[in-house]
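Comments concern the structure below.
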Amino acid sequence: MSITSAKSVGDLKAKNLNIQMYQPNFSLNNNLLTYISSIESAKALIDHSPLVPAWDAKFKKDAMARTIHFGTKIEGNDLTQDQAQKVARLELVDDPEEAAKRAGIIARERDIQEVLNYRNVIKWIDEQDAKLSSDLLSEKTLKHLHTLTM
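Its first residue numbered 3, the sequence shown is counted upward by one per residue in the working numbering.
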């Protein structure tokens, strides 16, 4: 058996693992090709449309706030999405008591600190990404990230 096509690789894996590979049952027809063409056209339009800088900044802030909320929530953080967003959007605040006061929320200091730390890690990663450092995933970097989260 030749290992030159995706199908033959799948067949080879299936034989070695004694499992059956899924073979989707569909046929290309004019209707399906029309839908695929429409999707590709819409994607090209979106990909080549300029994004208004104000909207770009808003989308980034919203995405960061959601990432922080859900990233800390999965670890047991009790802040609501609204509370986490208020804390995450605070600039130049790293003290949980000050953050709670400015955000107008009542919550455990530990939960607020966790959101602040997560925010700082994301900002630090964004700064490093801009530098395109070759040692971005070095042991030193991981230790620094650990320090930021604690």
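The beta-carbon is built from N, C-alpha and C at its ideal position, and this holds for glycine as well.
If we count the other Cβ atoms within 10 Å of its Cβ and call it buried at 16 or more, is residue i buried or exposed?
i	result
Ala-44	exposed
Asn-20	exposed
Ala-59	exposed
Val-54	exposed
Asn-33	exposed
Asn-79	buried
In its own chain, which residues sit with a C-beta less than 7 Å from the C-beta of residue i, not counting the 5 before and 5 after it?
i	result
Met-66	Ala-90, Ile-124
Pro-98	Glu-111, Ile-114, Gln-115, Leu-118
Ile-76	none
Comparing C-alpha positions only, which one of the options sits nearest to residue i?
i	options	result
His-71	Ile-41, Gln-130, Thr-82	Thr-82
Trp-126	Glu-99, Gly-73, Pro-55, His-146	His-146
Asn-119	Ile-107, Leu-47, Lys-142, Ala-86	Ala-86
Leu-94	Glu-42, Thr-143, Arg-121	Arg-121
Asp-84	Pro-55, Ile-41, Arg-68	Arg-68
Asn-31	Gln-25, Ser-39, His-148	Ser-39
Tell me, please, whether the CB atom of residue i is closer than 8 Å to any CB atom in chain D?
i	result
Ala-46	You won't find chain D in this structure, because it holds only one protein chain.
Can you tell me the Cβ-Cβ gap for residue i and residue j, rounded? I've got them flagged as a contact below 8 Å.
i	j	result
Thr-74	Val-117	6 Å
Ala-109	Lys-88	The Cβ separation is near 10 Å, so there is no contact.
Given residue i, which residues of its chain have a CB within under 6 Å of its CB, disregarding the five upstream and five downstream residues?
i	result
Ser-92	Before going on, a small fix: residue 92 reads as Leu here, not Ser. Closer than 6 Å at Cβ, skipping near neighbours: Ala-101, Arg-104.
Among residues of its own chain, excluding the 5 on either side of residue i, which ones have a beta-carbon nearer than 8 Å to its beta-carbon?
i	result
Asp-96	Leu-118, Asn-122
Legend entry - Ordered list of alpha helix (DSSP H) runs contained in the region 24-102, each at least 4 residues: 32-49, 55-75, 83-90
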